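Residue numbering for the sequence shown follows my numbering, starting at 5 and increasing by one per position. The structure under discussion appears below in the form of structure tokens.
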Amino acid sequence: MSRIHEPRGNVLPEEPMPPASRLLPQQVGLSPATFAASEEPKAAASFDIFEPLRVIWRRRLCLYISIPAVFILAVATSFLMPAKYTATSRLQLVTQQTGQLSVGDPTSANAAVFDSFATLQTDVTLMESDSLALQVIKELNLADTKEFAFKPRLNTAEARRQMALPLEQSPLKRAEILAKYKKGLKVDILPGARLISVSYSSSNPEMAAAIVNKLVNDFVDYDIRGRYDATIRATTFLRRQLVELKSEVETSQQRVVDLQKESGMFSADKGQTIVESGLEQLNKDVITAEGNRVTKQAIYNMARTGDVEAMANLVGTSGVGGGAQQPQNWTPLITHLKQQMDDLNVQYAQAATEYGSAHPKLIELKEKKQALEATIQSELANITKSAKSDYELALSQEQATRRKMVEQEALASQMNDRAIAYNIAKNEADSSRTLYEALLQKLKEAEVLAGLRSSGLNVVDPAAVPGSPAKPALRVFMAGGLAGGIVIGILLAFLLESTDHRLRTLLEIETAAQGPLLGVIPQDQLSRASQASRVLKAYGTSSATRLLPAAVDEPEEEAHDIAEAFRWVRTSLVMRGGGGIPRTLMIASASANEGKSFTALNLAGVLTENRNKVLLVDADLRRANLSRILNRESEIGLSETLRGVTVGSPMVQIESIAGLTFLPAGAILKSPAELLSSTKMLRLLEEWRRDFNYVVIDTPPLLPVVDALVLSRRVDSVIVVARSAFTQRASISRAIRLLKNAGVTYSVLANDVETRSQEYTQFYGRYEATAR
5 MSRIHEPRGN VLPEEPMPPA SRLLPQQVGL SPATFAASEE PKAAASFDIF EPLRVIWRRR
65 LCLYISIPAV FILAVATSFL MPAKYTATSR LQLVTQQTGQ LSVGDPTSAN AAVFDSFATL
125 QTDVTLMESD SLALQVIKEL NLADTKEFAF KPRLNTAEAR RQMALPLEQS PLKRAEILAK
185 YKKGLKVDIL PGARLISVSY SSSNPEMAAA IVNKLVNDFV DYDIRGRYDA TIRATTFLRR
245 QLVELKSEVE TSQQRVVDLQ KESGMFSADK GQTIVESGLE QLNKDVITAE GNRVTKQAIY
305 NMARTGDVEA MANLVGTSGV GGGAQQPQNW TPLITHLKQQ MDDLNVQYAQ AATEYGSAHP
365 KLIELKEKKQ ALEATIQSEL ANITKSAKSD YELALSQEQA TRRKMVEQEA LASQMNDRAI
425 AYNIAKNEAD SSRTLYEALL QKLKEAEVLA GLRSSGLNVV DPAAVPGSPA KPALRVFMAG
485 GLAGGIVIGI LLAFLLESTD HRLRTLLEIE TAAQGPLLGV IPQDQLSRAS QASRVLKAYG
545 TSSATRLLPA AVDEPEEEAH DIAEAFRWVR TSLVMRGGGG IPRTLMIASA SANEGKSFTA
605 LNLAGVLTEN RNKVLLVDAD LRRANLSRIL NRESEIGLSE TLRGVTVGSP MVQIESIAGL
665 TFLPAGAILK SPAELLSSTK MLRLLEEWRR DFNYVVIDTP PLLPVVDALV LSRRVDSVIV
725 VARSAFTQRA SISRAIRLLK NAGVTYSVLA NDVETRSQEY TQFYGRYEAT AR
């Protein structure tokens, strides 16, 4: 008898298990997220940056459909669109160099010209203006062409009337033709250069080139006319200003002449110098006269007091004289008289000692003294009179000098005022003349510019007739179709994902089940050549997805993964049962096609290991899915046993799996709920517990019928199968609520999880055997 392959490590339920604190999450039937939540406080869910990629991968069919569809549609659209030819011309903005003729300040003119961006923007706006557009339309008679034909939206009387009018008199016609014209026109500034690109797109290549060349030529002419008109206006303005300025110059010059005549000076600087020199000399004379007057006054005062010696010293040291008798010549006379008086006093004293007072010689000496004293007093009186005369003369000279100085100061002040007025008038006259000469020069330059009539634009590339259409661009449509297909496919994938309520991730299944997972069963893609007679169609459909029972000896890696997954389920049942597996297990699901029969058969297979006796019961009395898979649908079974119409035992032994006994469903019933809830069913369960180690019961889905819910209260545990990417969130949640309300012990098993998915890898990982 063939057996399933044991994993390396050989961990069996009957062997001693490690403490729960040392078990891996998978060993105790917990997902990694749930296991972590049991040990630590629940953290807020974080955003997974790879989840959008997984959504796109799951919904890749949207991309497979949208990319080819949009790509083909874009290519077909490009072939169906009318061809558009684009003619292009380029204009260069010519920079005005320093030294060229210009009106106005050269610095400001060059600054305005070198402001390239503003100038280019202005040129672009002018080329897109309605006036130039109408001029081109008239010159090329575009209104009479088929492309620009006036087609009113509403065929009213007013529209028909305007159709016959000229373009200038028809607002509707003019607006529509201008709109068509501007729709094909494109004027751009080329980045990094002083160039303007002018393009026009039309179904007629010759018309496109003609429109561009005509527009460029008209704009160049417009620029020339604008410059010429501006120069003429500037010339006219300068002439008016020159006439006014000339009158101002003449008036200011006449004022200068009048001021010269009034002041009597021909040079303000020279007259100012003469007056200042005279004032300086008078100031010196005043100082000298004042010093002479002070000296003469001191001599006069000393002469009045009779201090002859001090007066003589002052006259001798000052060297100042005056008067008729020249006081400085009196100094020797006075000194001599004083010497004689001293000699007489000595003689008189000697005589008075030798002789008596009545002695003739003494009397003679006394008379000489009196005569000499009278002479001295007479001389002093003359000196005083002379000093007084000198003092009065010095005083009058000082006063006269001061009067002259005051007069000179008044003359200098008057001369200064006249010089200031004269200088102001002269400066105004010079400024007016300078401005007049500058404007006259600019006027001559403006007249020369008006004759030149040069333009600031240069046509670099005239528009040529295009040889191939510019639109539609096949490559652009192909790239756009590819990008659009990708974008639409991604949007469609996320739209379907947002409206899809199926459970895809293990975390979603745990959340909906309100509890940890018992295990995860992988999805299998087996070849049709691998033991085809034993292949099970996992979900009762004709899908190409086929899974073998875990008990079948299948050498393929996928079958080994399935067997290993069911061994994990068995181990999880051991851990949850407190060291033992529940004796009676019911396999159910929220709805059909979720893998109940597949799970029941494979779980029963792994439970038979270690010589365990296992009974597999098909309790789906409405469809008998498991009986049909095992080719036992024509035999008697559970329905006949419950009704008491059996002869002998309906149980059969599965030959390929030792220890596995199968009880078919028997006859199909429409309402088997009464039989499953009967006392007969309860007695059968007791008998099965005595005869077998484990009983695995396959039942109908929980939500469509009540059969499974009725039977769930009579078994030890219920395993609810949730198929990944199939089970609806609302369905599994309602099924769990029904089991909770019934007080049933349950666990959830995730089935059909894709082996390449991140959820399966995170739950189980990879650990493969290697050859020795």
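Here a beta-carbon is modelled for each residue, glycine too, at the ideal position from N, C-alpha and C. Computed from a predicted structure; not experimentally measured.
Looking from the CA of Ile387, the closest CA among Ala712, Pro209 and Ile303 belongs to Ile303.
Cβ atoms of Leu182 and Ala137 come within 8 angstroms of each other, at about 6 angstroms. Counting along the chain, no beta strand (DSSP E) covers Thr503; the unbroken alpha helix (DSSP H) around it starts and ends at Leu478 to Thr503. Excluding the 5 residues flanking it on each side, Ala355 has same chain C-beta neighbours closer than 8 angstroms at His363, Lys365, Leu366 and Leu369, in chain order. If one requires a minimum length of 4 residues, no alpha helix (DSSP H) run lies completely within the stretch 368-393. Rounded to the nearest angstrom, the Cβ distance from Thr731 to Leu507 is 5 angstroms, consistent with a contact under 8 angstroms. In the three-state reduction of the DSSP assignment, Thr438 falls in the helix class.
In the three-state reduction of the DSSP assignment, Leu667 falls in the strand class. Checking the DSSP bridge columns, you'll see Asn462 partnered with Gln96. By the Cβ criterion, the stretch 82-102 is in contact with the stretch 194-208, since at least three pairs of Cβ atoms, one from each stretch, lie closer than 8 angstroms. Ser576 and Asn606 have their C-alpha atoms roughly 15 angstroms apart. Listed as beta-bridge partners of Arg727 by DSSP are Asn755.
In the structure shown, Asp695 falls within a helical segment according to DSSP collapsed to helix, strand and coil. Secondary structure note for Asp622: its beta strand (DSSP E) is the uninterrupted segment Val618 to Asp622.
Around the CB of Tyr395, 16 or more other CB atoms lie within 10 Å, so the residue is classed as buried. Burial is judged here by how many other beta carbons sit within 10 angstroms of a residue's own beta carbon; Asp134 has fewer than 16 and is exposed. Here the alpha carbons of Arg165 and Glu151 stand approximately 21 angstroms from one another. Around the CB of Leu169, fewer than 16 other CB atoms lie within 10 Å, so the residue is classed as exposed.
At a Cβ-Cβ threshold of 8 angstroms, Phe481 and Thr235 do not count as neighbours.
Apart from the 5 residues on each side of it in sequence, Arg437 sits with its Cβ closer than 7 angstroms to the Cβ of Val253 in its chain, given in chain order.
Taking the C-beta atoms as reference points, Leu625 is found no nearer than 8 angstroms to Ser601. Bridge partners of Tyr750 according to DSSP: Val722. In the DSSP assignment, Lys600 falls within the alpha helix (DSSP H) that extends over Lys600 to Leu611. In the displayed model, Ile513 falls within a helix according to three-state DSSP. Selection Thr309, Arg727, Ser721 and Leu753 evaluated against Ala746 yields Ser721 as nearest (Cα-Cα). Taking C-beta atoms under 8 angstroms as the contact rule, Leu124 and Ile228 fail to qualify, at a distance of about 18 angstroms. DSSP lists Asp702 and Ile723 as the beta-bridge partner residues of Ile591. For the options Gln518, Arg64 and Ala596, the alpha carbon positioned closest to that of Leu500 is the one of Arg64. Relative to the Cα of Arg198, the nearest Cα in the group Ala153, Ser120, Tyr185 and Lys155 belongs to Ser120. The criterion of a C-beta distance shorter than 8 angstroms is satisfied by Leu686 and Arg718. Judged by DSSP secondary structure, Val202 falls within the beta strand (DSSP E) whose first and last residues are Leu199 to Ser206. The closest CA to that of Asp711, considering only Ser735, Arg627, Lys408 and Arg479, is found on Arg627.
Between the stretch 662-675 and the stretch 566-581, the count of Cβ pairs shorter than 8 angstroms is below three; the stretches do not touch. In this model, Glu758 and Pro705 are separated by some 23 angstroms (Cα to Cα). Take the alpha-carbon of Arg297 and the one of Leu341: they are about 29 angstroms apart. One alpha carbon belongs to Phe54, the other to Ser682, and they sit about 52 angstroms apart.
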